[in-house]
Amino acid sequence: MKLPSMMKGWFNPNVKPELLLDKYAQSGDKKSLAKLIEHYNRDLFHFLLSQSDHATAEDCLQNTWLKVMKNAEQYKLGTSVKNWLFTIARHTLIDELRRLNRWHTRALSEHDLSSLTLSEEVIKKDSLTLFNHIISQLPFYQREAFILQQEGFSLHEIAIMTHEKQETIKSRIRYAKQNIRSTLESKL
Amino acid sequence: MTSPLTDNEINNLYSKRKQQINVPEISLDNAITEQPVKAQPVTTIRLKRSSAIFFSSLFASFAIFALITHLLPEKTIDKISQNKSIKTIPVDLKALSTKSDEAVNLPSPPSLKIEAPIEKIIPPQIKKLPSEKAIVPQVATPKSYPLNLAVTLSMPTLSLGQSTPPLTFKSLPKYPHTAAKKNIEGKVKLAYTITAQGNVKDITVVTATPAKTFDRAAKIALNKWKYQIPENAADDWIKEGNIVEFNFKLKN
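This is the structure:
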């Protein structure tokens, strides 16, 4: 999958996000920015939404793009745009959660939520709903690592992004997947 | 544990989950009017595919690569188009935002609008949610912020009982960030006991306005205070009923 995705940009330089952002940083071209937003909005919003609630995620998404506009010229061509964007989004989110005094408040309530309750019957019907439920039950860091990995970042990249050791990320992902697997398999 | 879930299935579920959510639109002020952006990837891919077929007659091996690269992303887009919440029909962006009733689980987002003057990078004219307005000035000067506070904190006014041993170490409380952000000022009056070792113990809050806001900061500071105890003092010497008042004030 790596090679074709690299070549995609080679055929049509306008689509390559790195060049889009660079173009925006150089000339302030709104269309490149709009394309960039179109390209990554869903990825970023999904990440933010998974890690917080709807309102916070929207706030953070907006702030993330504002930061991108403000700091576009700090972007260095040759590094991954997606990586850059996710790093910004992550920082924005953590800042916002800290501001709302909700940073790591979830950690306390995780234990009692680990089993499915009344809604179990409803949830059972649909593997996707169940999957969503499981994801929402994962601890913050496991979920973060899992989502970032699903977004196509390598262990090394995630480790840098989250200021953790690569081994830590590896085991977080392993635990996250283990959680998902065991719950899905036992419920379906 | 009948059939172990493969990574592929998890990936599938993940992408389905992603398609399920309703993404709020970030519309740049009059930036996207001329082209419906949603249709963008499809059209470019179609164009590219036809050009790739043309090339394939010339450079066979080269074109196979090209086909692979362009058929792959198109497949994923087809999948997406079958899904409900994504529309590949070229619709006006604003029309899309009103038709959010197809949302599956999540509440429909309000269509956000950033009116950012993109040529200028300074953000003050940005129309934002009310909750953010309050923070903006602090975000603008993050570095000078804590410094300001250190200066503006007023000295604690000591109203001590008679014959209190001399202080040898005094620390001032940190101004709590949350209070500083909300421009809250206040006072905390603490009662405490001095031990034979010259330390402070049994700190209790006498009065605090507003309640609980500055208690912690004041207690932490007071706990560090040291007194010089008279040399002839017994081991169980204590001095109770000391009172100190901390005034928390912002300079501006």
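Protein chains in written order, with this note's numbering: chain U, 90 to 277; chain C, 753 to 1004. Note that CB positions come from ideal geometry on N, CA and C, so glycine has one too.
On the DSSP bridge assignment, give the partners of residue i in chain order.
i	result
C/Thr-965	DSSP lists no partner for C/Thr-965.
C/Gly-938	C/Phe-1000
C/Phe-921	C/Lys-978
U/Thr-168	U/Leu-166
C/Asn-994	C/Tyr-944
C/Val-957	C/Leu-942
C/Val-952	C/Ile-946
With 16 other CB atoms within 10 Å as the buried threshold, where does residue i fall?
i	result
C/Ser-976	Reading the sequence as shown, one finds Lys at residue 976 of chain C and not Ser. C/Lys-976 should be labelled exposed.
U/Val-295	The shown model of chain U, from 90 to 277, leaves out residue 295 of chain U, and the question about it has no answer.
U/Phe-136	buried
U/Gln-239	buried
C/Lys-872	Legend: pLDDT at C/Lys-872 = 40, less than 50; position of this residue unreliable, no value from coordinates given.
C/Asn-984	exposed
What number of angstroms, rounded off, separates the C-alpha of residue i from the C-alpha of residue j?
i	j	result
U/Ile-262	C/Thr-961	47 Å
C/Ala-963	C/Pro-925	16 Å
C/Thr-947	C/Ile-995	15 Å
C/Asp-987	C/Gly-950	11 Å
U/Leu-155	C/Ile-972	38 Å
C/Lys-939	C/Thr-959	8 Å
C/Glu-761	U/Asp-184	34 Å
C/Thr-916	C/Leu-1002	30 Å
C/Pro-776	C/Gly-993	59 Å
U/Gln-163	C/Lys-768	34 Å
C/Thr-758	C/Asn-764	10 Å
U/Lys-119	U/Gly-167	21 Å
C/Ser-923	U/Lys-105	56 Å
U/Ser-271	C/Gln-771	24 Å
C/Glu-884	U/Glu-246	Because the pLDDT at C/Glu-884 is just 43, under 50, the model does not fix this residue reliably, and the value given afterwards should be weighed accordingly. Their Cα atoms are separated by approximately 31 Å.
U/His-252	U/Ile-236	16 Å
U/Ser-260	C/Lys-978	47 Å
U/Ile-249	C/Thr-945	49 Å
C/Lys-991	C/Leu-919	13 Å
Taking Cβ positions, are residue i and residue j nearer each other than 8 Å?
i	j	result
C/Phe-998	C/Glu-937	no
C/Leu-942	C/Val-957	yes
U/Ala-61	U/Tyr-129	Because chain U is modelled from 90 through 277, residue 61 of chain U falls outside the range shown and cannot be assessed.
U/Phe-242	U/Asn-152	no
U/Ile-269	U/Ala-234	no
Contact set between the stretch 131–157 of chain U and chain C, restricted to residues whose Cβ is under 8 Å from the partner = The stretch 131–157 of chain U vs chain C, Cβ under 8 Å: Arg-131, Asp-132, Phe-134, His-135, Leu-138, His-143, Glu-147, Asp-148, Leu-150, Gln-151, Asn-152, Trp-154 and Leu-155.
Taking a Cβ distance cut-off of 8 Å, strictly less, list which residues of the stretch 250–274 of chain U are near chain C, in chain order.
-> Hits within the stretch, in order: Lys-266, Ile-269, Arg-270, Leu-273 and Glu-274.
Using a beta-carbon distance cut-off of less than 7 Å, what residues from the stretch 954–982 of chain C approach chain U?
-> Those would be none; no residue qualifies.
Would you list, in chain order, the members of the stretch 165–178 of chain U that have their beta-carbon closer than 9 Å to a beta-carbon of chain C?
-> Within the stretch 165–178 of chain U, not one residue has a Cβ closer than 9 Å to any Cβ of chain C.
Select from the stretch 212–230 of chain U all residues with a C-beta closer than 8 Å to any C-beta belonging to chain C, and list them in chain order.
-> Within the stretch 212–230 of chain U, the qualifying residues are Ser-216, Leu-217, Thr-218, Phe-220, Asn-221 and Ile-224.
Below 8 Å between beta carbons is the criterion; list the residues of the stretch 106–132 of chain U that meet it against any residue of chain C, in chain order.
-> Residues passing the 8 Å Cβ filter: Gly-117, Lys-119, Lys-120, Leu-122, Ala-123, Lys-124, Ile-126, Glu-127, Asn-130, Arg-131 and Asp-132.
Taking a Cβ distance cut-off of 9 Å, strictly less, list which residues of the stretch 922–950 of chain C are near chain U, in chain order.
-> Those residues of the stretch 922–950 of chain C that come within reach of chain U (Cβ to Cβ, closer than 9 Å) are Thr-930 and Lys-933.
Chain C contacts made by the stretch 237–250 of chain U, where a contact means CB separation under 7 Å = Going along the stretch 237–250 of chain U in chain order, one finds Gln-239 with a Cβ nearer than 7 Å to chain C.
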